[in-house]
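Numbering (my numbering), first residue to last: 32 to 247. For reference, the structure discussed in these notes is given below.
In structure tokens:
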């Protein structure tokens, strides 16, 4: 697989809580130079990044991040604010407390509220695979698709584990063809990236692939 093809599937990511505006601008410059799919950044940096890229790169941000246990109203407000500030794509964290309680209707209502708030923007739902059973992952594939999300995403990168080959394969297998898969967290090599893509990931959330491209 060509490096350019891998980079085109990357959401070039910087979500450290102490990241600076200068670092965000550098991230945008790198994403533009290397042809990434988007930059994935904290909500507080969306408006500034939108002005800086001026249409040259898609802006992705995170909602309910990283724990997902905010109220549905808070997530919907955060989403609407992000869209108003210029976000093109929304990566929301599912409510894992509801998942563990088996409150599937509430899980769906949480996702649907964010879907409505982000209008026609791309929505990715992070399910944090490292905290779930295979049965919970399979159930979420159906719910996330039914709620109109564009992607189901493996991980925040801030819990005890990131994307695994087994999880990417499971999400691709259990999701309808209309819903895509994003692998995120722990993608540390070009081989990792290629493996995830071959297993069915359409997007990669990573900060390392561009650095590897720069080194190459």
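Backbone N, C-alpha and C define an ideal beta-carbon position, used for all residues, glycine too.
Assuming residue i and residue j are in contact, meaning their beta carbons sit under 8 Å apart, how far apart are those beta carbons, in whole angstroms?
| i | j | result |
| --- | --- | --- |
| residue 103 | residue 141 | 5 Å |
| residue 79 | residue 55 | 7 Å |
| residue 196 | residue 226 | 6 Å |
| residue 206 | residue 172 | 4 Å |
With a Cβ-Cβ cutoff of 8 Å, do residue i and residue j count as a contact?
| i | j | result |
| --- | --- | --- |
| residue 57 | residue 90 | no |
| residue 213 | residue 237 | no |
| residue 235 | residue 218 | yes |
| residue 152 | residue 114 | yes |
| residue 193 | residue 216 | yes |
| residue 71 | residue 38 | no |
| residue 249 | residue 145 | The structure shown does not extend to residue 249, since the chain is modelled only from 32 through 247, so no value can be given for it. |
| residue 109 | residue 73 | no |
| residue 42 | residue 67 | yes |
On the DSSP bridge list, what partners appear for residue i?
| i | result |
| --- | --- |
| residue 70 | 43 and 90 |
| residue 236 | 42 and 215 |
| residue 123 | 94 and 156 |
| residue 184 | 157 and 213 |
Nearest-angstrom Cα distance between residue i and residue j?
| i | j | result |
| --- | --- | --- |
| residue 64 | residue 136 | 43 Å |
| residue 93 | residue 116 | 13 Å |
| residue 163 | residue 222 | 26 Å |
| residue 175 | residue 61 | 31 Å |
| residue 32 | residue 228 | 10 Å |
| residue 122 | residue 160 | 15 Å |
| residue 189 | residue 48 | 11 Å |
| residue 202 | residue 241 | 25 Å |
| residue 107 | residue 148 | 6 Å |
| residue 134 | residue 44 | 31 Å |
| residue 50 | residue 165 | 34 Å |
| residue 211 | residue 158 | 14 Å |
Can you give me the Cβ contacts of residue i inside the same chain, cut-off strictly under 6 Å, excluding the 5 residues immediately before and after it?
| i | result |
| --- | --- |
| residue 99 | 124, 125, 126 and 127 |
| residue 76 | 55 |
| residue 101 | 95 |
To which residues of the same chain is residue i closer than 8 Å at the C-beta, ignoring the five residues directly before and after it?
| i | result |
| --- | --- |
| residue 138 | 125, 126, 129, 130, 171 and 174 |
| residue 244 | 34, 38 and 65 |
| residue 52 | 76 and 79 |
Looking only at its own chain, which residues have a Cβ that is under 7 Å from the Cβ of residue i, when we skip the five neighbours before and after it?
| i | result |
| --- | --- |
| residue 143 | 178 |
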